[in-house]
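First to last, the sequence lines map onto chains X and D.
Positions in the first sequence are counted from 1; adding 25 to them yields the working numbering.
Positions in the second sequence are counted from 1; adding 70 to them yields the working numbering.
The beta carbon of each residue, even a glycine, is placed where N, CA and C say it ideally should be.
What follows is a short report on a single structure.
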Amino acid sequence: MDVQIERVVQRTRRYWYDDGLAEMAGGLIFLCVGLVFLAEAVLGSRGGSQVSALGLPVVLIGGGMLSRWLLRVAKARLIYPRTGYVSYRRARKRRALTGALAGATAGALAAVLPLLTGSHDWLPALAGVLIGIAWAWLGHAVGVTRFYLLGVVSAAIGLVAGWTRLGEAWGGALYFGLQGLATIASGALALRSYWLRTRPAEDDGETSTP
Amino acid sequence: MKPVPRDLRSLADLDRVIHEPARLMIVTILSVVDEADFVFLLHQSGLSKGNLSAHMARLEEAGYVRVNKRFRDRVPQTVYSLTEAGREAFREYCDRVKRLVETVGEQSKDAGRGT
Numbered sequence: 026m027d028v029q030i031e032r033v034v035q036r037t038r039r040y041w042y043d044d045g046l047a048e049m050a051g052g053l054i055f056l057c058v059g060l061v062f063l064a065e066a067v068l069g070s071r072g073g074s075q076v077s078a079l080g081l082p083v084v085l086i087g088g089g090m091l092s093r094w095l096l097r098v099a100k101a102r103l104i105y106p107r108t109g110y111v112s113y114r115r116a117r118k119r120r121a122l123t124g125a126l127a128g129a130t131a132g133a134l135a136a137v138l139p140l141l142t143g144s145h146d147w148l149p150a151l152a153g154v155l156i157g158i159a160w161a162w163l164g165h166a167v168g169v170t171r172f173y174l175l176g177v178v179s180a181a182i183g184l185v186a187g188w189t190r191l192g193e194a195w196g197g198a199l200y201f202g203l204q205g206l207a208t209i210a211s212g213a214l215a216l217r218s219y220w221l222r223t224r225p226a227e228d229d230g231e232t233s234t235p
Numbered sequence: 071m072k073p074v075p076r077d078l079r080s081l082a083d084l085d086r087v088i089h090e091p092a093r094l095m096i097v098t099i100l101s102v103v104d105e106a107d108f109v110f111l112l113h114q115s116g117l118s119k120g121n122l123s124a125h126m127a128r129l130e131e132a133g134y135v136r137v138n139k140r141f142r143d144r145v146p147q148t149v150y151s152l153t154e155a156g157r158e159a160f161r162e163y164c165d166r167v168k169r170l171v172e173t174v175g176e177q178s179k180d181a182g183r184g185t
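Structure below.
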């Protein structure tokens, strides 16, 4: 038996993404962000910017918490009875570093964007490319090939949304809406494939051990 | 005949409980997680139920693994986690193997140069 420690570690981490549920939860958040941008675009000068200023933090924080809870429930009902229960170690240091980095980037963008004059039509393109890079990084870290594809799709949708010069709100609605749908579709396909190749475990198999 | 270098002699000191390939895989899996149940370990390792049970018993006996039997939705569930001693033993095992590989690499380079 040949044991390659790094591969075993990667495979263990990949289990979280095998069933596509995490993607579907993430896709739902993208879709909600797209809806906030859509509301901003439709309302325009009648309070559109207030809707997005209030709606985006609510969707990102509230949606994040809700999707995490939904994910836990769905995993417990659908996945653990088939291929087993696992609770991952939280790398607190790395999480804090990632959170700080994301916060600093968001803060820097929020501070710089209002200072930029002229059109912000390129924002969906920037979001598409940055999120695409994040997908590719995740795909590399956990060894999931479809995440590279999602990265390419994200960059392509972002560039198209930027190229069409629809404006910040309509472009954001187009990018996040389509990215959300693509992510949910990818998760649904992964879930279907997982469902077809697994069966519920008969029992825990360890009941005879004292 | 040349004596075996001291660094290579530490091969004999490797933790035999962890060094066995199936147990090494199990401990590696458990090193990534807080806890995991028997079904998860069965799927991830590809071992048979009996084989996995035997290896888990050996790891428990060595004090490297903690076992928690409970019910989840009225279904019995056996959950395993690495003890602190288990994590420490795995860390030490990885360090030793890394050092050994480095030593062997350097020695084969020296041999290639004819020193």
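Status (buried if at least 16 other CB within 10 Å, exposed otherwise) for I209(X): Per the 10 Å Cβ criterion, buried.
Which residues DSSP lists as bridging Q141(D), in chain order: A small fix is needed here, since residue 141(D) is Phe in this sequence, not Gln. Note: F141(D) is bridge-paired with P146(D) in the DSSP secondary-structure output.
Beta-carbon proximity of L170(D) to L81(D), cut-off 8 Å: Result yes, Cβ atoms of L170(D) and L81(D) sit closer than 8 Å.
Within chain X, partners of E105(D) - CB distance below 7 Å: Per Cβ cutoff of 7 Å: S112.
Sufficient close CB pairs (3 or more, under 8 Å) joining the stretch 81 to 93 of chain X to the stretch 119 to 134 of chain D: Counting Cβ pairs under 8 Å, fewer than three are found: no touch.
Close beta carbons around I30(X), own chain, < 6 Å, minus the five adjacent residues each side: Closer than 6 Å at Cβ, skipping near neighbours: no residue.
Alpha carbon of G197(X) to alpha carbon of I99(D), nearest angstrom: Near 41 Å, if we compare the C-alpha coordinates of I99(D) and G197(X).
Chain-ordered residues of the stretch 30 to 41 of chain X with a beta carbon less than 8 Å from chain D: Residues of the stretch 30 to 41 of chain X with a C-beta less than 8 Å from any C-beta of chain D: I30, V33, V34, R36, T37, R38 and Y40, listed in chain order.
Under 9 Å from the C-beta of G168(X): neighbouring residues of chain D: The contact set of G168(X) on chain D, defined by CB atoms closer than 9 Å, is empty, because the minimum CB distance reaches about 13 Å.
For L63(X) and G80(X), the rounded distance between their alpha carbons: Rounded to whole angstroms, G80(X) to L63(X) spans 11 Å at the Cα level.
Outcome for G175(D) when other beta-carbon atoms lying within 10 angstroms are tallied against a minimum of 16: Exposed, because fewer than 16 other Cβ atoms sit within 10 Å of the Cβ of G175(D).
For L117(D), the nearest candidate out of A92(D), D85(D), S151(D) and Y163(D) (CA to CA): Of the listed residues, the one whose Cα sits closest to L117(D) is A92(D).
Any C-beta of chain D under 8 Å from that of A213(X): A213(X) has a beta carbon lying at 8 Å or more from every beta carbon in chain D.
C-alpha gap between G212(X) and F55(X), whole angstroms: Computed Cα separation, rounded: 13 Å.
Contact check, A207(X) vs L175(X), beta carbons under 8 Å: Going by C-beta atoms, A207(X) is nearer than 8 Å to L175(X).
K179(D), buried or exposed, once every other Cβ within 10 Å from all chains shown has been counted against 16: Exposed, since its Cβ has fewer than 16 Cβ neighbours within 10 Å.
Host beta strand (DSSP E) of Y113(X) (start-end): According to the DSSP assignment, Y113(X) belongs to the beta strand (DSSP E) that extends over V111 to Y113.
Closer than 8 Å to chain B by CB, V109(D): This model lacks chain B altogether, as its protein chains are X and D.
Per DSSP, the bridge partner or partners of A106(D): Per DSSP, the beta bridge partners of A106(D) are V111(X) and Y150(D).
Distance cut-off 7 Å: A207(X) Cβ against heavy atoms of the ligand NAD: The model on display carries no ligand, and the ligand NAD is accordingly not part of it.
V169(X) - DSSP class collapsed to helix/strand/coil: Reduced to three states, the DSSP call for V169(X) is coil.
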